[in-house]
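A quick write-up on the structure given underneath.
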Amino acid sequence: MTRTLVKGGLVITAAEETYADVLVEDGKVAALGATGSSVARGWTADRTIDAAGKYVVPGGVDAHTHFEFPFGGTSSSDTFETGTRAAAWGGTTTVVDFAVQTRGRALREGLDAWHAKAAGKCAIDYAFHMILSDVNEDTLKEMDLLVDEGMTSFKLFMAYPGVLYSDDGQILRAMQRAAGNGGLIMMHAENGIAIDVLVRQALEAGKTDPRYHGEVRRALLEAEATHRAIQLARVAGSPLYVVHVSAEEAVAELAAARDKGLPVFGETCPQYLFLSTDNLAEPGFEGAKYVCSTPLRPREHQAALWRGLRTDDLQVVSTDHCPFCFSGQKELGRGDFSKIPNGLPGVENRMDLLHQAVVEGRISRRRWIEIACAAPARMFGLAPHKGTIAPGADADLVVYDPRATQVLSAATHHMNVDYSAYEGKEVTGRVETVLSRGEIVIDERRFTGRTGHGRYVPRSTCQYLA
Ligand code: URP
Ligand code: ZN
Ligand code: ZN
Numbered sequence: 013m014t015r016t017l018v019k020g021g022l023v024i025t026a027a028e029e030t031y032a033d034v035l036v037e038d039g040k041v042a043a044l045g046a047t048g049s050s051v052a053r054g055w056t057a058d059r060t061i062d063a064a065g066k067y068v069v070p071g072g073v074d075a076h077t078h079f080e081f082p083f084g085g086t087s088s089s090d091t092f093e094t095g096t097r098a099a100a101w102g103g104t105t106t107v108v109d110f111a112v113q114t115r116g117r118a119l120r121e122g123l124d125a126w127h128a129k130a131a132g133k134c135a136i137d138y139a140f141h142m143i144l145s146d147v148n149e150d151t152l153k154e155m156d157l158l159v160d161e162g163m164t165s166f167k168l169f170m171a172y173p174g175v176l177y178s179d180d181g182q183i184l185r186a187m188q189r190a191a192g193n194g195g196l197i198m199m200h201a202e203n204g205i206a207i208d209v210l211v212r213q214a215l216e217a218g219k220t221d222p223r224y225h226g227e228v229r230r231a232l233l234e235a236e237a238t239h240r241a242i243q244l245a246r247v248a249g250s251p252l253y254v255v256h257v258s259a260e261e262a263v264a265e266l267a268a269a270r271d272k273g274l275p276v277f278g279e280t281c282p283q284y285l286f287l288s289t290d291n292l293a294e295p296g297f298e299g300a301k302y303v304c305s306t307p308l309r310p311r312e313h314q315a316a317l318w319r320g321l322r323t324d325d326l327q328v329v330s331t332d333h334c335p336f337c338f339s340g341q342k343e344l345g346r347g348d349f350s351k352i353p354n355g356l357p358g359v360e361n362r363m364d365l366l367h368q369a370v371v372e373g374r375i376s377r378r379r380w381i382e383i384a385c386a387a388p389a390r391m392f393g394l395a396p397h398k399g400t401i402a403p404g405a406d407a408d409l410v411v412y413d414p415r416a417t418q419v420l421s422a423a424t425h426h427m428n429v430d431y432s433a434y435e436g437k438e439v440t441g442r443v444e445t446v447l448s449r450g451e452i453v454i455d456e457r458r459f460t461g462r463t464g465h466g467r468y469v470p471r472s473t474c475q476y477l478a
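My numbering numbers the first residue of the sequence shown as 13 and each following residue consecutively.
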């Protein structure tokens, strides 16, 4: 039995902050004891990590990543190996990635394909959501089987007609099925049919630059789709989780639904909190680096997102990490913004950017841990093993230096992508040491993990309603 002691840090969970020593045995948190107490002083260990002056926080749970994700004729540039290693560097110890159903094929086939990509490659633990791109009798039945085996959430798209899009009837049917089997429907809420009209009109008018991506994907079309998704979920009697919320008007739809007591949840992402249409309008073709959907919004929208995170109208911040290199990938859309692969890198930056929000007084330290660790773990059935520091939980721990400063840059990041969306941004706070199920994977800013350490984690159904 290996025993590790993390000693003298300020242990922060979503529920409390306390100076405590954390005893780890065989990959699990065995006990917490007040630092200096007779109990904690009696503990012996094979390894002791000095966390004095540091925070000890749960490993981050990033519930929205796309490694090796096919999109727009190319594939996102992080593999499960490089992406999970970068996640560890950034203090994230669990990712939930998206397996994709190919149209006309079984869900099982898509899930198997994603298992094959990830197995033996990951540095940290991982799970899958399933993208439903073809809702029919067979796939509805398959949903029940997948929920039973721990694949308990399904993403549907109101965007991307002809590719991943589901119509309202298909969405309603999937929601009805989820209402019966306990699955959670995750929604990409944008009116893709209307957006495609605006895309065509913009291109015909010669508006081809990346900034038009943001202009045609109107905030109102995100809000409209969010409203529609909420009403469909009400009709079906199912809970709903809206992914990558970026528009103030969409937050208002979620808030109104939650004020009615509906089981409706929302996720936003660091890019919407820290970046804006100013980035999409950067000169030359630079704006392509910031093309994602939902799109970046004018910076005035950010206040509503931060407010939503404080008031719990938004529950989760995940990254929607979907990196495409500028060179050779984003460049596919030179002369036609609609051909720029959609997605931004960020899996390594999330914990730091949200800590920066703590430093700036936007959220409390406990709220940081709630939205980045505890809430995503409960939302996606990973609790009580993930997202907190408590006896019996997996020893996924981060020793975090709240005073160190760093400059985010592609020159120093570990994501397999040739640019940083946050190039040159100075943040206060830095991951120092990371444990994944008790194994040290980052040791005082050296990678000591290994490919294949990460395990697939079957999940229970959404625990956020309990
Ligand atoms: O632009 C994005 N978000 N790319 C990834 C696919 C998605 O819709 O989440
Ligand atoms: Zn999406
Ligand atoms: Zn996504």
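Backbone N, C-alpha and C define an ideal beta-carbon position, used for all residues, glycine too.
For leucine 326, count neighbouring C-beta atoms within 10 Å of its own C-beta (all shown protein chains included) and say buried if the count is 16 or more, exposed if not. Residue numbering aside, residue 326 sits at position 314 when the sequence shown is read from its first letter. Label assigned to leucine 326: buried.
Between the alpha carbons of proline 480 and valine 159, how many angstroms are there, rounded? Any property of residue 480 remains undetermined from this structure, which presents the chain solely from 13 to 478.
Round the Cβ separation of glutamate 298 and alanine 262 to the nearest angstrom and send it over; I've been treating them as touching at under 8 angstroms. Along the sequence shown, read from residue 1 onward, the residue named residue 298 stands at position 286. Along the sequence shown, read from residue 1 onward, the residue named residue 262 stands at position 250. Contact between glutamate 298 and alanine 262 does not hold, since the beta-carbon distance rounds to 27 angstroms and is not under 8 angstroms.
Using the Cβ count rule (16 or more neighbours within 10 Å means buried), how would you classify aspartate 290? Here residue 290 corresponds to residue number 278 of the sequence shown, with the count starting at 1. Exposed, because fewer than 16 other Cβ atoms sit within 10 Å of the Cβ of aspartate 290.
Beta carbon of methionine 199 nearer than 9 angstroms to that of valine 254: The count along the sequence shown starts at 1 and reaches residue 199 at position 187. The count along the sequence shown starts at 1 and reaches residue 254 at position 242. If you check the CB distance, methionine 199 and valine 254 come in under 9 angstroms.
Are the beta-carbon atoms of arginine 362 and valine 329 separated by less than 9 angstroms? Here the question's residue 362 lines up with position 350 in the sequence shown. Here the question's residue 329 lines up with position 317 in the sequence shown. One thing to note: arginine 362 has its Cβ within 9 angstroms of the Cβ of valine 329.
Given aspartate 364 as reference, the closest of Gly72, Phe459, Phe92 and Tyr476 once Cα atoms are compared: For the purposes of this step, residue 364 is taken as residue 352 along the sequence shown, with counting starting at 1. Answer by Cα proximity: Gly72.
Beta-carbon proximity list for isoleucine 24, same chain, < 6 angstroms, skipping 5 on both sides: On the sequence shown, position 12 is the one that residue 24 refers to. Correct list, in chain order: Tyr67, Val69, Arg377 and Ile381.
Report the option in Cys385, Asp90, Leu409 and Val147 whose CA atom is closest to the CA atom of glutamine 182. The residue you call residue 182 lines up with position 170 of the sequence shown. Of the candidates Cys385, Asp90, Leu409 and Val147, the residue whose Cα lies closest to the Cα of glutamine 182 is Val147.
As a quick exercise: from Asp324, Asp332 and Ala293, pick the residue whose alpha carbon is nearest that of cysteine 304. Position 292 of the sequence shown, counted from the start, is the residue given in the question as residue 304. Of the listed residues, the one whose Cα sits closest to cysteine 304 is Asp332.
Among Ser421, Gly340, Gly393 and Ala300, which has the Cα closest to the Cα of phenylalanine 349? Residue numbering aside, residue 349 sits at position 337 when the sequence shown is read from its first letter. Measuring from the Cα of phenylalanine 349, the nearest candidate turns out to be Ala300.
Using the Cβ count rule (16 or more neighbours within 10 Å means buried), how would you classify histidine 425? The residue labelled residue 425 in the question sits at position 413 within the sequence shown. Burial call: buried.
How long is the line joining the alpha carbons of tryptophan 55 and serine 448, rounded to whole angstroms? If you number the sequence shown from 1, residue 55 lands on position 43. If you number the sequence shown from 1, residue 448 lands on position 436. For tryptophan 55 and serine 448, the distance between alpha carbons rounds to 21 angstroms.
Straight-line CA distance for isoleucine 375 to leucine 317? Residue numbering aside, residue 375 sits at position 363 when the sequence shown is read from its first letter. Residue numbering aside, residue 317 sits at position 305 when the sequence shown is read from its first letter. If you take the alpha carbons of isoleucine 375 and leucine 317, they lie about 12 angstroms apart.
Can you list, in chain order, the residues of its chain with a C-beta nearer than 6 angstroms to that of glycine 20? Leave out the 5 residues immediately preceding and following it. Translated into positions along the sequence shown, residue 20 becomes position 8. Counting only Cβ-Cβ distances below 6 angstroms, and skipping sequence neighbours, we find Thr47, Ala63 and Ala64.
Assuming serine 50 is part of the alpha helix (DSSP H), what are its boundary residues? Position 38 of the sequence shown, counted from the start, is the residue given in the question as residue 50. Residues 50-53.
Looking only at its own chain, which residues have a Cβ that is under 7 angstroms from the Cβ of leucine 184, when we skip the five neighbours before and after it? On the sequence shown, residue 184 is found 172 positions in, with the first residue counted as 1. Same-chain partners within the cutoff: Leu244, Val247 and Ala248.
DSSP-derived helix/strand/coil call for lysine 342: As a position in the sequence shown, residue 342 is number 330, starting the count at 1. Lysine 342 sits in a helix when the DSSP states are folded into three classes.
Do the CB positions of glycine 192 and aspartate 156 come within less than 9 angstroms of each other? Walking along the sequence shown from the start, residue 192 turns up at place 180. Walking along the sequence shown from the start, residue 156 turns up at place 144. Going by C-beta atoms, glycine 192 is nearer than 9 angstroms to aspartate 156.
Taking DSSP as the reference, what is the three-state secondary structure of glycine 461? Residue 461 sits at position 449 when you count from the first residue of the sequence shown. Here glycine 461 sits in coil by DSSP.
So what does DSSP say about arginine 15, is it helix, strand or coil? In the sequence shown, the residue the question calls residue 15 occupies position 3. Collapsing the DSSP output to three states places arginine 15 in a strand.
Please tell me whether glutamate 438 and alanine 416 are closer than 9 angstroms, where the distance is taken between their beta carbons. In the sequence shown, counting from the first residue as 1, residue 438 sits at position 426. In the sequence shown, counting from the first residue as 1, residue 416 sits at position 404. No. Outside cutoff.
Which residues DSSP lists as bridging glutamate 37, in chain order: Residue 37 sits at position 25 when you count from the first residue of the sequence shown. Paired residues: Arg15 and Lys40.
Ligand 3 heavy atoms versus the CB of glycine 355: any closer than 8 angstroms? The residue labelled residue 355 in the question sits at position 343 within the sequence shown. Ligand 3 approaches glycine 355 closely enough that one of its heavy atoms is under 8 angstroms from the residue's Cβ.
Count the other CB atoms within 10 Å of the CB of glutamate 202; is the residue buried (16 or more) or exposed (fewer)? Taking the first residue of the sequence shown as position 1, residue 202 is located at position 190. By the 10 Å Cβ count, glutamate 202 comes out buried.
Among the candidates Phe392, Pro307 and Arg390, whose CA atom is the shortest distance from the CA of isoleucine 352? The residue labelled residue 352 in the question sits at position 340 within the sequence shown. Looking at the Cα atoms, Pro307 is the closest of the given residues.
Please confirm if the region 82-98 is in contact with the region 378-397, defined as three or more CB-CB distances below 8 angstroms between the two stretches. Too few Cβ pairs lie closer than 8 angstroms, so no.
Burial state of glycine 347 (16 or more Cβ within 10 Å): Counting from 1 along the sequence shown, the entry for residue 347 is found at position 335. Only exposed fits glycine 347, as fewer than 16 other CB atoms lie within 10 angstroms of its CB.
Pairwise C-alpha distance: aspartate 408 and methionine 427: By 1-based counting over the sequence shown, the position of residue 427 is 415. By 1-based counting over the sequence shown, the position of residue 408 is 396. Those two C-alpha atoms are separated by around 21 angstroms.
Beta carbon of leucine 210, beta carbon of threonine 238: below 9 angstroms? As a working note, residue 210 is residue 198 in the sequence shown. As a working note, residue 238 is residue 226 in the sequence shown. No, they are not a contact pair.
Are there 16 or more other CB atoms within 10 angstroms of the CB of threonine 323, so buried, or fewer, so exposed? Start at 1 with the first residue of the sequence shown, and residue 323 comes out as number 311. Threonine 323 is classed as exposed because its beta carbon has fewer than 16 other beta carbons within 10 Å across all chains shown.
Continuous beta strand (DSSP E) stretch holding glutamate 279: start and end: As a first step, residue 279 is located in the sequence shown; it is residue number 267 there, counting from the start. Boundaries of the beta strand (DSSP E) harbouring glutamate 279: 276-280, taken from the DSSP string.
Could you tell me if the beta carbon of histidine 256 falls within a distance shorter than 8 angstroms of some heavy atom in ligand 1? Position 244 of the sequence shown, counting from 1, holds the residue named residue 256. Checking every heavy atom of ligand 1 against the Cβ of histidine 256, one is found closer than 8 angstroms.
CA-to-CA distance, leucine 44 to leucine 287, given in whole angstroms: Start at 1 with the first residue of the sequence shown, and residue 287 comes out as number 275. Start at 1 with the first residue of the sequence shown, and residue 44 comes out as number 32. So the two alpha carbons sit approximately 39 angstroms from each other.
Given leucine 344, which residues of its chain have a CB within under 8 angstroms of its CB, disregarding the five upstream and five downstream residues? For the purposes of this step, residue 344 is taken as the residue at position 332 of the sequence shown. Within the same chain, leucine 344 has close Cβ partners Gly84, Gly85, Thr86, Lys351, Ile352 and Pro353.
Measuring only the C-alpha atoms, how far is glutamate 37 from methionine 13? Start at 1 with the first residue of the sequence shown, and residue 37 comes out as number 25. Start at 1 with the first residue of the sequence shown, and residue 13 comes out as number 1. Computed Cα separation, rounded: 7 angstroms.
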